[in-house]
Each structure stands twice: as structure tokens, then as C-alpha cells.
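In what follows, a structure is listed as C-alpha cells, so that the remarks can point back to it.
Protein chains in written order, with the working numbering: chain A, 4 to 499; chain B, 4 to 499.
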């Protein structure tokens, strides 16, 4: 097989390398043909699944995470896909490529290159099922938005305001004739991949939702074998995208067909077949404090294969508790959406949406946006994408700028009192957010022996006003007595 | 003792009759002399404690609850106070006198004459310790306010903004020289009584707080014997005021000296020595959902001597749960106050204060107002009374009018969804409050076979707009898509 020696490729670190080969097209190549490749960097070997892409084409993708020379060799149960070899020269990443996002400092996130990542997410569940024109419009809107991660589904959505048919499906077949769950539809996957790449090009992470309950096609109630096959195929095709996060489900607890054991199994499959160990989470419907009669329980985010807690809950006050409970990053992925929908989850004010962000963030958690305004053509950002109409995104951008200027936040030893959400790094930095509480002044119990400067931040009007003087120990701060104020308290750097 | 036959008096039903007599002034009449009277209406006998009023004067008070002829005879351990007799002619109450307030229909209140009482309370903890001028000003403010019950303390308050000395004390002695806890100060009690009577004249109930923790005088840490003597004396002097409610404590759980057994004993003393069984409650500091690390528990409002739950909690969402838990009226006596204080309990907006009222009331609970604006002379309504500065009282009046026009509210079989607070009487009347949720329309699952009219209520702007047409079964209602709206849904009365 001297041919293989000629296969020399180049890709950047955390780029996506794809090797393609011709193979059998008869029978069912999706299930009959095993195809993978072993990528080797000296003594390290990474084995990655390949996939059948239709028309006798096979592909295998690889996201290298170190620079230098890699070699690879394919593995298959058919001769023509066995032992294909090549070398891969991994070069420095282009600007903007910082690698996949990882958990950082227990409760936070950072790109693999070490740059902190402060997620400010939004929700467009099935924007990728709305046709080229709407999808391009959504990308355009995203490019002008603060959002750096998006919650989106593999499968189409059936629900109020969501009755259109998608242009294509993940499997061969049709709703009328039934699905051949053993045969994937490569065009569908290529489209999904294109959209994930579009997001990557915008610097946006894709929190890809693998299952969800809002379904009229049967994708929420496939057999266990189909679910597992689907996950393996998704891993093979998608895990080489550095901007992928795996969300096992939106509102898993509304999927009556699935058991906790199923969810455990899905997590383990992803853990086993995503060579890059992208972030993994699962998102609940039920909120114990709202549906207090319910005896449902959340999936245990403490399980080892869960990298961060993805939570639906309207009360951000619990972020501190969840951090302590799970000892992982907490992302409140649904806290109700800015809008005026008939549904309670979609009719909060922009003020409240922004308040959720600040309240969660000040406690060292993260919060996700959504928007649900009644629209004459039922084009609603939360599901379809399109354009943004609300008043919260620019304020979320303002907050994101402040986050990027400061350290990752955690609980402080200073008691800023229960009517404020506060976090920081003790004796260095504090962010204290008052929400709808509106004190006319405040006595702050700052540490003795450290001098601080304080900025008064109007989180709604997006102004930052440095307070005169320096502050130390127990000190009084005059405040405007109106809602949505925050204090940024920063240790004064002493000259040297 | 023919003298007794000459003692013929007249009072109105639920009025306050007082019989006075001369007796010993030597020794300690407060503890040495027992004095009571037995009031008899045919076979019914009500024995009521009398009290020493200083200067050799003894009094015994009685609030008759039935019309007609009553006779009475005094009982004492000293001869000159023994066997004094008289008759009491009880006549119909004057307009405005509806008797004491009782629990009605398990979860509600009504005057003893059957008129529903919808408490809209306020808080002026020590308005009665501020001197004549301020106290008259407070009464004037109350007369122009919506409030029909006030939370107020027997003892003075020591706390931020509360450092003045009261004009008089409940006991003989002084802070410097110490108190004689076995001797009461009749002038102090006469003043308190005058203020309770002033409230009664305004049609306002007095929710009298018997103990509280904010103390520099020692009244929060008296001996058990003193506590019990104090309660007996208070019962003897005050229980004949028809507008009295007993609140055992403000924030009982901050009074470290007292045990749960103490609170039980106080309740039982009041139960035994208040002949009229005025309403009894106890008020917490700790909120489990806010101070979630705490292992404190609430006093069990389910105990038989507690007539209604008096709760401090910032989240009105739990009203339904508390109703079910205690099976008694729920009054959220502190849900934070309208104002701009440095303290979290005193810096919410008027919008939020009004929201608390509507949210609690729609669930069939009751809510209490308070106001805490920073003031150049530290005159703050919550503690001192004075004048009202906020924007909530007129909206509370608006709500009270609506409550009085409708029935007492309970949970309904209709699911108006979790983003609304709703209550009613099934198939007759529903009140649905949306708070900061702001749907642009709503699909209501009204009963079939009943026709309803619907009013759109803007609870902030205080407008009531009848919606066109009649409504039945599942129906769509257009709404303005802005916060603080409610729907009043009333069965259409058919002519006959």
C-alpha cells in the first residue's frame, strides 16, 4: 500500500481534518461496514469512528489537539477501507481558533488554549430547519449579537408555532411511509454540519441537543438500538467540530419513553465515542420549586459523565446552591424568555431577562437568553431564529464586556446581604448586583487593609460611573435608589 | 350589699364596658390582689380578669357579644373588691361596629356580624411610642389610607433608625435604675389603650405584637414569671377591645432566650385568659427558601391555638402551599417593604409591593404593606408612622375595592397556568393575576355551559376595562402584553 505514503495533509490545531475513501455501497453500509482510523502522535493513538456518507463515499474526521506530525491508518471490516494511511501536519491555529471549550477552575469554562470563555447563550431550537433564507438571516442576526453559544436541536420541532415540515430528515424515509432508522440521510447531516461550521466561523459554540420531546415524526421514541446507532453516527460526523457541546436533551423529563438508565447509557456512549470529550449536559423541564407537587427528580448532574449542569429554572437565586451541590459549572439554560407569548416561559420583560443574567453571573453561574415575541408569521427567535426584537441583547453584551474585564467569579467571604447577588475573588474583586432592590445607600463590609475603587454600574442604562475616592473596610456608598444597579469593586493596583 | 343593685350600666354589643372600684393600694396590688368579675347571661357565665390601675383604682372590662341583660359580680381575695354587683344592658351596636374579626370559611376572615373582612394591613411597629404630635399625624395618615389593620408593638423598638427613648414604659423603674417587673405603669397602658381605641374609631384592627427582639431595655429577655404576669395583665386590660388581634411576636426566631415551649405556653395563657378568643398568631424572621442553609424551623402554625398563619416571606408563590399546609388563613405580614433603605427588607419598588398584594390575594391569602424610605429625620413609616410617601397605598385601595366586590377566593379547578396567580369560586368567579408576566393573548380554559364576562384590570394604572362579548369554554382573550394585568372573570347573571 505505497499509496498511503503519498497521503500527506495539513490542518491547523483544533481544525477539522477529513479523510475520504471509496467503499461498498451495496447492502446497508451504515450498519454493515465498520470504518475508523487510528491517528498516532508518537506513542499516543487516538481512534476515531468514520461514517458512511452515501454514494459509496466514506469519511473519517479528526480534530488534532497538538502541533506536529501525526500519522494515521484506517481500520475496517472491508478490505478496500482497511490500512489506508497518511500523515497529517498540524500547524498553529489561525486567529480566533482557541480550541474547544473545557471546564476551567471547577465552575467555569475556558477554551483549550486557556482563554476564559464566558458563555452568553441564546436559544434557537430549530433555526437549522427553516430553509436557506431564514437560516442566513439568523446567522446575520447572530453575527451582530452578543451571543457566543446557541442551543439548537438535531431533530425538528413540533409544538405551538412550529408546524412546518423541515426540508430534510436525519433518516431515510418519510413521515407517511415510515423511516428506515438503519439508514441515515447524508444530505441532512451535511446541512447540519454546514450550520455548525457557519456558527464556528462566527465564533459561536453549538450546544447541540440530541433528543427532545416536541415531536410528531417519531424521533423522540425510537428504539434503544436506533438511539445508540444515531448517537454513534452523530459522534462520528460531528465530534471533530471544535465548537460542539453535547446536550443530551431539551427537557429530558418530558420524554416518557426514556428511562434514567437510557440517559446514563447515552452519556456513556458519547463519553466512549467522542474522542475529544466535548462538554456534556442534560436539560430538565421540571422545576421542583415551581411544580412543587411533582415527585420528579432532576437527572443527577453530579454523575461523572456530566461536565456541567444545564438547568431550566426561573429563580436564579439557587445558582449558589447548585454550584455547591454539583461542584461543576452551572448554566441556567432556560429562565423564561423575553417576549409576550401566551406561555409563561415566554413572556418576561427585557428587564427581567437582563436581571436573570446579572443575578446568575454575579453568583458565578451562567445564563442563556431566549426571545419569544408574538409575530404575524410566527417567526419566533426561540425556535426559528430570524431577527431579534428585544431589548435585552445589547444589555447582555454590556454585561459580557464587564465579565471579560474581570476574573471568573466565585462566592466571597464578604456578606453583601441577601438582597444582592454577589461574587468575586476575595480581596481582589467583587461584583454586587442589586436587581429590583433599590437601596439609596449601602454599607459595605469590605476587607481592612486593602484599598478599593468602586464603579456604580447601571445595568439597564449601560453606564459605568466611577465613585469618587477609594474605599476600605466598612464603608458607606451612596446609590441612586433605583432598580438594576450593580457595584464593581476592584482592588487598587499600587504603583511599584 | 344592696349597693350592687344600683349599678346598672349600658353598653353596645361588642362595646367595651368597664367597671371600676376602689381597693387596696399598699403592698403590691399588681401581684397581691386578685380581682375578676363573672358576667352572666342566663346560664352562661364569662369570668374576666380585672387589673390594678394604680392609686387604689381597680378595673374590670367586658366586651359583651349578645344583646340583652347581663348581670355581674366581682370576685377577689380582698373584701372590698368582693361581691360587687351590677347589671349591664347590652344594646345594638352602633354603625361601624361589626364585632371582632374571626376566622371565616377556614381560610378567610369576617367580623362577628358576618361581614367579610379582607385585611389590607400596614406596619408601624412603634408608632405609639413617638409622642403625641407624630402619633396624631399617623392617625391622620391612616384615616386617608386603605389600611384596615396595623402591626404594632407593645414594647419600644431598638434598631437602626430607632434610637429614641419612648415617653413611658410598661413597667415601673427606668433603664438606669432597673425595672420593677412586678409593677406595671398604668399610664403607659392607658396610652396604649388610647391608641388602640383611636384605631378602633378609624375602623382599623390592631395586630398587637406582644414580644419582639429589637430591644435595649430588657423587655425581650424577662423571666418566665414576668412574661406570664405581663401577658395576664395585657389580657385583663386589652382583650375587651374588639379590634385586638394577638401577635405573639415579631420575628420570634430571633429571640434566643425563648424556647418553642415558651411560645406554646404564651399561646395557652392567651387562650385561657382572653375571654373573647381574639385571633392569635406568631411571626417568623427566617425564610427557609432565602436562608437555605439554616436549620431553623417555623413555629408550627398548625397548632390548635394558632388561628392564622402570620408569615414573613418574600416569595408569595408559596401562599397556596401554606394554605394547604396549615388549613388556616394565611397572612404574609412581611414580604419586604416599599422604599429605598439600605436593608434588603426595605427597598422594593411600589410595583413589587403591589405585585405582592395581588399575587397573595389572588391565591386566597392576605398581604401586609410596609414603607421604608430614607428620610432626613429618620421618620420611617414602617416603625414611626408619620406620613406615607409611596405609590403602593392607592393601588392597594384599588385592590381592596375589587376584593370587596367579589367573593372570598380559593383555589380553582381551572388551571390558569403557573405564570399567573389565580383564585376564585369555581364556575362563578375567577381572579387571574399576571404580575410581571406579560402575555399578548391568553387561551383560557373556562368551564363549558357557563357564560362569563371578563374585565381586564390594569393593576398599576388602576383601570378596569370590560372585554367585549361573553366567554365560555376554551376561549382566547387579547391582552396588552405589558406587566401588572389581571383578568376578573364573572359568571353572567341571567335575567329571570
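Beta carbons: idealized from backbone N, C-alpha and C, even for Gly.
{"Query": "Is residue 358 of chain A buried or exposed, if buried means 16 or more other CB atoms sit within 10 Å of its CB?", "Result": "buried"}
{"Query": "Let me see if you follow: with CB-CB separation under 7 Å, is residue 421 of chain B close to chain E or not?", "Result": "Protein chains in the displayed structure are A and B, and chain E is not among them."}
{"Query": "Check whether chain A comes within 7 Å of residue 333 of chain B, counting only Cβ atoms and requiring the distance to be less than that.", "Result": "no"}
{"Query": "Please give the ranges of any beta strand (DSSP E) in the region 269 to 349 of chain B, keeping only runs that are unbroken, at least 3 residues long and fully inside the region.", "Result": "312 to 315 and 333 to 337"}
{"Query": "Report the partner residues of residue 113 of chain A according to the DSSP bridge assignment.", "Result": "A:105 and A:119"}
{"Query": "Against chain B, does residue 440 of chain A count as a neighbour if the rule is that its beta carbon must be under 7 Å from one of theirs?", "Result": "yes"}
{"Query": "Give a yes or no on whether 7 Å exceeds the smallest Cβ distance from residue 259 of chain B to chain A.", "Result": "no"}
{"Query": "In whole angstroms, give me the CA-to-CA distance for residue 10 of chain A and residue 129 of chain A.", "Result": "38 Å"}
{"Query": "Among residues of its own chain, excluding the 5 on either side of residue 377 of chain A, which ones have a beta-carbon nearer than 7 Å to its beta-carbon?", "Result": "343 and 344"}
{"Query": "Check whether the Cβ atoms of residue 272 of chain A and residue 283 of chain A lie closer than 7 Å to each other.", "Result": "no"}
{"Query": "In whole angstroms, what separates the C-alpha of residue 75 of chain A from that of residue 201 of chain A?", "Result": "28 Å"}
{"Query": "Please confirm if residue 445 of chain B has its CB atom under 7 Å from at least one CB of chain A.", "Result": "yes"}
{"Query": "To the nearest whole angstrom, what separates the beta carbons of residue 374 of chain A and residue 340 of chain A, a pair I think is in contact under 8 Å?", "Result": "6 Å"}
{"Query": "In chain order, what are the residue ranges of uninterrupted alpha helix (DSSP H) at least 4 long that sit wholly in the region 358 to 415 of chain B?", "Result": "384 to 387 and 395 to 408"}
{"Query": "Less than 7 Å between the C-beta atoms of residue 333 of chain A and residue 368 of chain A, yes or no?", "Result": "yes"}
{"Query": "Going along the region 329 to 355 of chain A in order, which residues come within less than 9 Å of chain B, judged by CB to CB distance?", "Result": "339, 342, 343, 344, 345, 346, 347, 348, 349, 350, 351, 352, 354 and 355"}
{"Query": "Going by alpha carbons, who is nearest to residue 152 of chain B out of B:165, B:204 and B:178?", "Result": "B:204"}
{"Query": "Is DSSP giving residue 198 of chain B helix, strand or coil here?", "Result": "helix"}
{"Query": "Since residue 486 of chain B meets chain A, which of its residues come closer than 8 Å, beta carbon to beta carbon?", "Result": "352"}
{"Query": "Compute the Euclidean distance between the alpha carbons of residue 182 of chain A and residue 175 of chain A, then round it to the nearest angstrom.", "Result": "6 Å"}
{"Query": "What is the residue span of the beta strand (DSSP E) that residue 432 of chain B lies within?", "Result": "432 to 436"}
{"Query": "With distances taken from CA atoms, which of B:21, B:124 and B:110 is nearest residue 91 of chain B?", "Result": "B:21"}
{"Query": "Just to make sure I have the definition right: I need the residues of chain A whose C-beta is within less than 8 Å of the C-beta of residue 377 of chain B. Which are they?", "Result": "443, 444 and 484"}
{"Query": "Count Cβ pairs between the region 51 to 64 of chain A and the region 95 to 105 of chain A that sit closer than 8 Å; are there 3 or more?", "Result": "no"}
{"Query": "DSSP puts residue 456 of chain B in a beta bridge; with which residues?", "Result": "B:493"}
{"Query": "Going along the chain, which residues of its own chain have a beta-carbon closer than 8 Å to the beta-carbon of residue 296 of chain A, five neighbours each way excluded?", "Result": "Because the pLDDT of residue 296 of chain A is 49, which lies under 50, any placement of that residue in the model is unreliable, and the question is left without a value."}
{"Query": "Exposed or buried, which one is residue 198 of chain A when buried takes at least 16 other CB atoms within 10 Å?", "Result": "buried"}
{"Query": "If I measure Cβ to Cβ from residue 266 of chain A and keep anything under 7 Å in the same chain, skipping five residues before and after, which residues do I get?", "Result": "251, 255, 285 and 302"}
{"Query": "So, helix, strand or coil for residue 252 of chain B, using DSSP?", "Result": "strand"}
{"Query": "Apart from the five residues on each side of it in sequence, which residues of its chain come closer than 6 Å, Cβ to Cβ, to residue 446 of chain B?", "Result": "479"}
{"Query": "Note down, in chain order, each residue of its chain lying with its Cβ closer than 8 Å to the Cβ of residue 248 of chain A, except the 5 sequence neighbours on either side.", "Result": "104, 152, 208, 209, 210, 211, 281, 282, 283 and 284"}
{"Query": "Can the beta-carbon of residue 386 of chain B be found less than 7 Å from the beta-carbon of residue 165 of chain B?", "Result": "yes"}
{"Query": "Tell me the rounded alpha-carbon separation between residue 484 of chain B and residue 485 of chain A.", "Result": "24 Å"}
{"Query": "What do you get for residue 481 of chain A, buried or exposed, if any count of 16 or more other CB atoms within 10 angstroms of its CB means buried?", "Result": "exposed"}
{"Query": "What would DSSP say about residue 219 of chain A, mapped onto helix, strand or coil?", "Result": "coil"}
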